[in-house]
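K.L.:
After the structure tokens below, expect a handful of questions from me.
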Amino acid sequence: MGRYWLPLMLLALAALAAFLLSVTVGSASVGVADVWAVLTGEGTQLQRTLILELRVPRTLAALATGGLLAVAGALMQVLLRNPLADPYVLGLSGGAAVGALLAMLAGVGGLMVSGSAFAGAMVATLLVFGLAHGTGSWTPSRLLLTGVVVAAGWGAVITLMLAISPAERLPGMLYWLMGDLSYAGTPSLALVLLALACLLVVPLGRSLNVLARGPLQAAALGVAVRPLEWTVYVVASLLTAVAVTTAGSIGFVGLVVPHMLRLVLGNDQRLILPACALAGGILLMLADTLARTIIAPEQLPVGVITALLGVPTFLLLLYRSR
Amino acid sequence: MSQLRTADLIIDVPDRADGRALSLQVEPGQIWGVLGPNGAGKTTLMHTLAGLRAPRSGAVLLDDQPLAEQKRRTIARHLGLVFQERQDGFPATVLETALIGRHPFLSSWQMESADDLKLAQQALSRLDVAHLASRLVSTLSGGERQRVAIATVLTQSPAIWLADEPTNHLDLHHQIAVMELLTEEAGHGKAVFMCLHDLNLAARWCSHVLLLYPDGEACWGPVERMLVPDALERLYGQRLATTELDGAPVFVPVR
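Residue numbers (the UniProt record's numbering), protein chains in the order written: chain U, 1 to 322; chain H, 1 to 255.
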């Protein structure tokens, strides 16, 4: 059991440290003592507003979004038997982006953008699965190809929408496309979903380990392959949709985090999936802290940071894995 | 002990006539060898017997109940399959690979116990791959991988062994070791049903033989009645010379 608990405890401690760092560092720094004072009901009004209404919700949003994306990525990789799959590989982020941009074009804000993004993500999921299902059988390669082609289609629609949008709306749209936590709000839904997902994937973990050996081998060892694949697909899509709805399409977390953890911890999904939830959260909390501080008081979209960190890390991993 | 039976089974090989329906019974203690040229449907038959593929018609019965009506998990507790081809999508160690043989016996929330670990380690020792336990399967040679695959099914310890060319990639010594292992399993009341390409292995170790022809024709029975030179020459379209060694026939292809 130590094999499971030790890495998870270490990751949990790291997550706590990243949380504190993210809450204390920013355009106006506050000390850990101030944070403690605020959390115990003291501190100045300014500190209270800064910490409780801005920093804490945003940090929690980063934690939840990063965790959701990393778990969804790990699930997609098992489903497609492809270690290079990510949560967006099936075109889900494209659908969400079209939904969000449509809402922004219409000039509505806030909740409507999120709702519209979620609807877009669901449409994209159903579209890809329906098309890949086709005449009755789908294989990972067929699902992957369908997803990639549909994603290219969404990309064209996004470019078209950007081209015809009035100039004053463009910055908001671009920030959404890059992934941005500024408007995340309180992420209670995302946090609850992340916790539920962790509880659900632990009993499924050993079946997923067997599924990773290929569907025939899994079936021969007593796994009901089709229902399991359905479950994984629905869960991964739901997690991704909520993540995208919370913070736009943040890239690379879902690809890099599971991959790095596999290199260190091996490939037991019972360990990898909860570890992904923590490590994804840590990565995004740190990336968001950077995004808020590099050119403070201006902010960068966090997706830029994860991409700038993720691309070289991933290339290095691939280069060394040979 | 479990029993495997086929009732008027016609396997679904695309674009092939039905041929002869298979109605055979694999009893505990028997060792069946399936012989046939490439493309005769040996692997398709294995997958159909394991319930991984639907037959064109007829049924496969495990303990008198059709496979199609049983849960995968129940089937996997009685029936194990050594695949001819393996997909190694994700890296896994040799020990992890053997341990998944315990999957059908564990509930969702259960972790592998010390007993499960012991079974897996014993199976690896039995197949001479215990020293590779912490290596990644993808770094092994073809023959070592084959032995790990057999060790996985040994860990699963099914009453019915289906094995699709279990001696593939194995050197001479390990071919014999695997045949001895399967014979030992049969001695413990297990049933073995395997595809083979080596007539001489079949002649020495099998109690029953099924000949599968490319057109779907088939015949089966005790080994001494089936392994006659005429039938085998027709089966492979290859002339054979026959001699005898230690009471078993030996077949050598001639030019």
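Just so you know, even glycine gets a beta-carbon here, dropped at the ideal spot from N, CA and C.
(1) On the three-state DSSP scale, how would you describe W109/H?
(2) Span of the alpha helix (DSSP H) holding S57/H?
(3) Buried or exposed: A97/U, going by 16 or more other Cβ atoms within 10 Å of its Cβ?
(4) Using a beta-carbon distance cut-off of less than 8 Å, what residues from the region 209–223 of chain U approach chain H?
(5) Can you give me the C-alpha to C-alpha distance between M179/H and G101/H, rounded to a whole angstrom?
(6) Short check: CB of G33/H to CB of W161/H, under 9 Å?
(7) Quick one: give me the first and last residue of the alpha helix (DSSP H) that A236/U is part of.
(8) If you drop the 5 nearest sequence neighbours on each side, which residues of the same chain put their C-beta closer than 8 Å to that of D215/H?
(9) Per DSSP, I10/H forms a beta bridge with which residues?
(10) Runs of 4 residues minimum, wholly inside the region 203–242 of chain H: which ones carry the alpha helix (DSSP H) assignment?
(11) Counting only beta-carbon separations shorter than 9 Å, does R206/U have a partner in chain H?
(12) Check this for me: beta carbons of I305/U and A279/U, under 9 Å apart or not?
(13) At a Cβ cut of 7 Å, what residues of the region 71–85 of chain U count as close to chain H, listed as they run along the chain?
(14) Determine, using beta carbons only, whether P77/H and P104/H come nearer to each other than 9 Å.
(15) According to DSSP, simplified to helix, strand and coil, what is L80/H?
(16) Helix or strand or just coil, what does DSSP make of Q65/H?
(17) In the DSSP assignment, find the unbroken beta strand (DSSP E) run with P249/H in it and report its ends.
(18) Tell me which residues share the same chain as M1/H and place their Cβ nearer than 6 Å to its Cβ, disregarding the 5 neighbours each side in the sequence.
(19) Return the Cβ separation of A68/H and L9/H in integer angstroms, given the expectation that the two are a contact with Cβ distance under 8 Å.
(20) Looking at the structure shown, is G33/H part of a helix, part of a strand, or coil, going by DSSP?
(21) Using a beta-carbon distance below 9 Å, is V202/U in contact with chain H?
(22) Give me the Cβ distance between T231/U and P187/U, rounded to the nearest whole Å; I'm assuming they're in contact under 8 Å.
(23) Any contact between the region 256–263 of chain U and the region 309–317 of chain U? By contact I mean 3 or more CB pairs, one from each, below 8 Å.
(24) Using a beta-carbon distance cut-off of less than 7 Å, what residues from the region 243–255 of chain H approach chain U?
(25) What did DSSP end up calling E168/U once you bin it into helix, strand or coil?
(26) For V13/H, count neighbouring Cβ atoms within 10 angstroms of its own Cβ and tell me buried if that reaches 16, exposed if not.
(27) Compare the C-beta of G248/U against all C-beta atoms of chain B and say whether one is closer than 9 Å.
(28) With a floor of 4 residues, list each alpha helix (DSSP H) that falls wholly inside the region 161–220 of chain U, ordered by position along the chain.
(29) Could you tell me whether any Cβ in chain H is nearer than 9 Å to the Cβ of G147/U?
(30) According to DSSP, simplified to helix, strand and coil, what is T93/H?
(31) Is it a yes or a no for the region 42–61 of chain U touching the region 105–125 of chain U, going by three-plus beta-carbon pairs under 8 Å?
(32) Can you name, in chain order, every residue of its own chain whose Cβ lies under 7 Å from the Cβ of M112/U, other than the five neighbours on each side?
(33) I'd like to know whether the C-beta atoms of L199/H and L240/H end up nearer to each other than 9 Å.
(34) So that I know if they touch, is there some Cβ in chain H lying closer than 9 Å to that of G254/U?
(35) Any beta-carbon of chain U closer than 9 Å to the one on L11/H?
(36) Can you name, in chain order, every residue of its own chain whose Cβ lies under 8 Å from the Cβ of L20/U, other than the five neighbours on each side?
P.N.:
Considering the structure as presented:
(1) Taken through DSSP and simplified to helix, strand or coil, W109/H comes out as coil.
(2) First-last for S57/H: 57–62, but that is the beta strand (DSSP E), not the alpha helix (DSSP H).
(3) Within 10 angstroms of the beta-carbon of A97/U lie 16 or more other beta-carbons, which makes it buried.
(4) So the close ones are N209, V210, A212, R213, G214, L216, Q217, A219, A220, L221, G222, V223.
(5) M179/H and G101/H have their C-alpha atoms spaced approximately 20 Å apart.
(6) With respect to W161/H, G33/H sits apart: the two C-beta atoms are not nearer than 9 Å.
(7) Its alpha helix (DSSP H) spans residues 225–247.
(8) Around D215/H: R16, A17, G19.
(9) Beta-bridge pairing links I10/H to S57/H.
(10) Taking only runs of at least 4 residues, the alpha helix (DSSP H) segments lying wholly in the region 203–242 of chain H are 223–226, 229–236.
(11) Yes - at least one Cβ of chain H is within 9 Å of the one on R206/U.
(12) Their beta carbons are not under 9 Å apart, which means I305/U does not touch A279/U by this criterion.
(13) Within the region 71–85 of chain U, the residues whose Cβ lies closer than 7 Å to some Cβ of chain H are R81, P83, listed in chain order.
(14) The sequence given here places Arg at residue 77/H; Pro does not occur at that position. Closer than 9 Å, so yes.
(15) Per the sequence presented here, residue 80/H reads as Gly, with Leu not at that position. In the structure shown, G80/H sits in a strand (DSSP, three-state: E or B).
(16) Of the three classes helix, strand and coil, the one that applies to Q65/H here is strand, per DSSP.
(17) Here the beta strand (DSSP E) through P249/H covers 248–253.
(18) Cβ within range, chain order: P28, A159, G189.
(19) Not a contact, Cβ separation roughly 12 Å.
(20) DSSP places G33/H within a strand segment (E or B) once states are collapsed to three.
(21) Output row for V202/U: interface = yes.
(22) Separation of the CB atoms of T231/U and P187/U is rounded to 24 Å, and the pair is thereby denied contact status at 8 Å.
(23) The region 256–263 of chain U, when compared against the region 309–317 of chain U, does touch it at the 8 Å Cβ threshold.
(24) Result list empty, no residue passes.
(25) E168/U carries a helical assignment under DSSP once its states are collapsed to helix, strand and coil.
(26) Here V13/H is buried, its C-beta having at least 16 other C-beta atoms within 10 Å.
(27) The structure shown contains no chain B; the protein chains it does contain are U and H.
(28) Correct list: 170–178, 188–211, 215–220.
(29) No - not a single Cβ of chain H is within 9 Å of the one on G147/U.
(30) Looking at T93/H - three-state DSSP - the assignment turns out to be strand.
(31) No: fewer than three Cβ pairs fall under 8 Å.
(32) If we look at M112/U and ignore the five residues flanking it on each side, its Cβ neighbours are A103.
(33) With contacts defined as CB atoms closer than 9 Å, L199/H and L240/H qualify as a contacting pair.
(34) Chain H, which has no Cβ nearer than 9 Å to the Cβ of G254/U, makes this no.
(35) Before going on, a small fix: residue 11/H reads as Ile here, not Leu. Judged by the 9 Å Cβ criterion, I11/H is not in contact with chain U.
(36) Same-chain partners within the cutoff: V32, V35.
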